[in-house]
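Asks: First the structure, which I've put down as structure tokens, then a few questions once you've had a look.
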DNA sequence: TATTATAATTTCACATTATGAAATAACATC
DNA sequence: GATGTTATTTCATAATGTGAAATTATAATA
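Residue numbers (the numbering used here), protein chains in the order written: chain A, 796 to 1061; chain B, 796 to 1061.
Have a look at this one:
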């Protein structure tokens, strides 16, 4: 399709005639919750761009409000236009639109927060969240990225994705987030096998202490795990004896969404 | 600062060496709640780009997941990466961080939904929303754009911005959203004068029937209206007799945030 | 207050990269 | 099977994006 050099495939993909745009996007992607503010020099260094080039691209992004600057320090942050674009992206996301009613029902049934998440590299992205009876964190998490190996949704998505992708993720070291986070690749492999068998995944204090979640996969028309939904809450409420019941609810909701996406089992 | 041609200033600003990036952003900005899906031809026509150019830029955006395609029709939509970037932009927004505690208190005090909004062209962008006692719409609105002339926040921001900007907005026809929407420039000018006097704005069914909101301006260190906060709810609860009390709360909260931004009156 | 170091802008010559007309391929629709 | 419509690909051309170097602004130190 495009004359892409072999070597480039593993680095950043590169399509002819799109260097500047690809670089501008790389700049945007450098911003994260962990590092939301960058100085020009640092950002240029981090992205491997020439300082002048980074400056020029950032100026273009700033003019369109995709980035803004700290008026005192001159440091760069993501701008309000991205909040607006993110809102449009979210509200027009077909997966989210289809899933929402089921997610609302699931949150009511379980009384806990229900979420919809998709795979993005080594993270899951929270596409939607519906609070349960006991509103705790609110929808603070929509648009957040969470590590695959420490979330129920991540493990489910991994379990039902290609072996190639699984191994790619297991190749990188698994960061511990709590003392219960699974960081042994072999242990995770065993767990993924069990998830494939049983059709759902559980995390108990692996992402943050005292937080329990149960997830099941959403399968699309092409028989791919397009997303995962979960129910999560404090371990005090989501006790061991309640888990089977919750798991059944989540699985049923996931199947319902899958069916709406055109998936037909068998 | 840059050799920008006079004529270009009123069209799309154009900085040398950033054409491709500016064009890619123009493509992204074409997507909206009203038209979230575009066919290549239509999008190229709407943005005034050559079809090939639009295709190439969109391919770059697609490779980075800023846009995605409808697998059946091939039509373009905004992609999940924008949801992630929007999330980072939102959570790292200084205005939002500073305002949140006050907004939470305001929602508790009033029992109604409280919002934080900023001006973006002819719209206000919802940066944050905290539900009141009676949760209705949930935080569906964060990242949404609403017309300036039909919102309390919009009117407040207009009232406290430059005359130049006000006149620019009044020059364009004001779309009616309900039968109560103010569409007469002269009427709006009088209202803005009253808002400057009293320090707060009200909308009663001008955005949607039965919805009432009260807003006050947040002033920053440079004595500019950087944002507006509001309290809103159904007209059945936000009755005429409650409004003065609500307005006082909103104004006090706005002053508190302004002070935290470094604004010192007098 | 001078001196030095560091980071942010601007300039500019150069060629790599983006451009768009035209051709081709892939779909729908009749 | 023909016809119109939309999506890709090709490719010659030069306009656009590039980055080294110079300049300016800002902070840190003596």
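C-beta atoms are modelled at their ideal positions from N, C-alpha and C, and glycine is treated no differently.
If distances are taken between C-alpha atoms only, which option among A/980, A/923, A/957 comes closest to residue 965 of chain A?
Replies: A/980
Asks: Can you name the residues of chain B whose CB is closer than 8 Å to the CB of residue 816 of chain A?
Replies: The contacting residues are 815, 816, 819, 852, 855, 856.
Asks: Looking at the structure shown, is residue 944 of chain B part of a helix, part of a strand, or coil, going by DSSP?
Replies: Residue state for residue 944 of chain B is assigned as helix, using DSSP reduced to three classes.
Asks: For the alpha helix (DSSP H) containing residue 1027 of chain A, name the first residue and the last one.
Replies: Not the alpha helix (DSSP H): residue 1027 of chain A falls in the beta strand (DSSP E), residues 1020-1029.
Asks: In angstroms with no decimal places, state the Cα-to-Cα distance between residue 959 of chain A and residue 916 of chain B.
Replies: About 47 Å.
Asks: Look at the Cβ atom of residue 874 of chain B, then the Cβ atom of residue 861 of chain B, and state whether they are nearer than 8 Å.
Replies: yes
Asks: Based on the DSSP output, what are the partners of residue 998 of chain A in its beta bridges?
Replies: A/1008
Asks: Compile a chain-ordered list of the residues in the stretch 823-845 of chain A whose CB is closer than 8 Å to at least one CB of chain B.
Replies: Within the stretch 823-845 of chain A, those residues whose Cβ lies closer than 8 Å to any Cβ of chain B are, in chain order, 823, 824, 826, 827, 828, 831, 832.
Asks: Within 10 Å of its beta-carbon, does residue 888 of chain A have 16 or more other beta-carbons around it, so buried, or fewer, so exposed?
Replies: Buried, since its Cβ has 16 or more Cβ neighbours within 10 Å.
Asks: Just mark residue 1059 of chain B as buried or exposed, buried being the case when its beta carbon has 16 or more other beta carbons within 10 Å.
Replies: exposed
Asks: Check whether the stretch 908-923 of chain B and the stretch 893-909 of chain A are in contact - that is, three or more C-beta pairs closer than 8 Å.
Replies: no
Asks: Determine, using beta carbons only, whether residue 878 of chain A comes closer than 8 Å to chain B.
Replies: Interface with chain B (8 Å Cβ-Cβ cutoff): residue 878 of chain A is included.
Asks: Under three-state DSSP, which class holds residue 1062 of chain B?
Replies: Outside the modelled stretch of chain B, which goes from 796 to 1061, sits residue 1062 of chain B, for which no answer is possible.
Asks: Under three-state DSSP, which class holds residue 867 of chain A?
Replies: coil
Asks: Using a Cβ-Cβ cut-off of less than 8 Å, give me the residues of the stretch 876-904 of chain B that come near chain A, in sequence order.
Replies: Hits within the stretch, in order: 876, 877, 878, 879, 880, 881, 882, 883, 884, 885, 886, 887, 888, 889.
Asks: For the stretch 967-987 of chain A, which residues have a CB atom closer than 8 Å to at least one CB atom of chain B, in sequence order?
Replies: none
Asks: With a threshold of 8 Å between beta carbons, is residue 1054 of chain A in contact with chain B?
Replies: no
Asks: When we look at the beta-carbon of residue 897 of chain B and count the other beta-carbons within 10 Å, is it buried (16 or more) or exposed?
Replies: buried
Asks: Tell me which residue opens and which closes the beta strand (DSSP E) that residue 922 of chain B is part of.
Replies: 918-925
Asks: For residue 1027 of chain A, which residues from the same chain have a beta carbon less than 6 Å from its beta carbon, with the 5 sequence-adjacent residues on both sides left out?
Replies: 908, 1008
Asks: Can you say whether residue 928 of chain A is buried or exposed, counting buried as having 16 or more other CB atoms within 10 angstroms of its CB?
Replies: exposed
Asks: What does residue 859 of chain A touch in chain B if you count any residue whose Cβ is under 8 Å from its own?
Replies: 817, 820, 824
Asks: Go ahead and pull the three-state DSSP assignment for residue 1016 of chain A.
Replies: coil
Asks: Going by C-alpha distance, which of A/845, A/1023, A/864 is nearest residue 836 of chain A?
Replies: Closest option to residue 836 of chain A, judged by alpha-carbon separation, among A/845, A/1023, A/864: A/845.
Asks: Below 8 Å on the Cβ atoms is my contact criterion, and I expect residue 952 of chain B with residue 919 of chain B to pass it. Report the Cβ-Cβ distance as a whole number of Å.
Replies: 7 Å
Asks: For the stretch 849-861 of chain B against the stretch 845-855 of chain A, do three or more pairs of beta-carbon atoms, one drawn from each stretch, fall closer than 8 Å, so that the two count as touching?
Replies: no
Asks: Three or more C-beta pairs under 8 Å: does that hold for the stretch 1032-1049 of chain B against the stretch 876-885 of chain B?
Replies: no
Asks: Within 8 Å (strictly less), CB to CB, does residue 927 of chain A reach chain B?
Replies: no
Asks: Which residues in the same chain have their Cβ closer than 7 Å to the Cβ of residue 1050 of chain A, if we skip the five residues on either side of it in sequence?
Replies: none
Asks: Quick one: grab the DSSP three-state call for residue 847 of chain A.
Replies: helix
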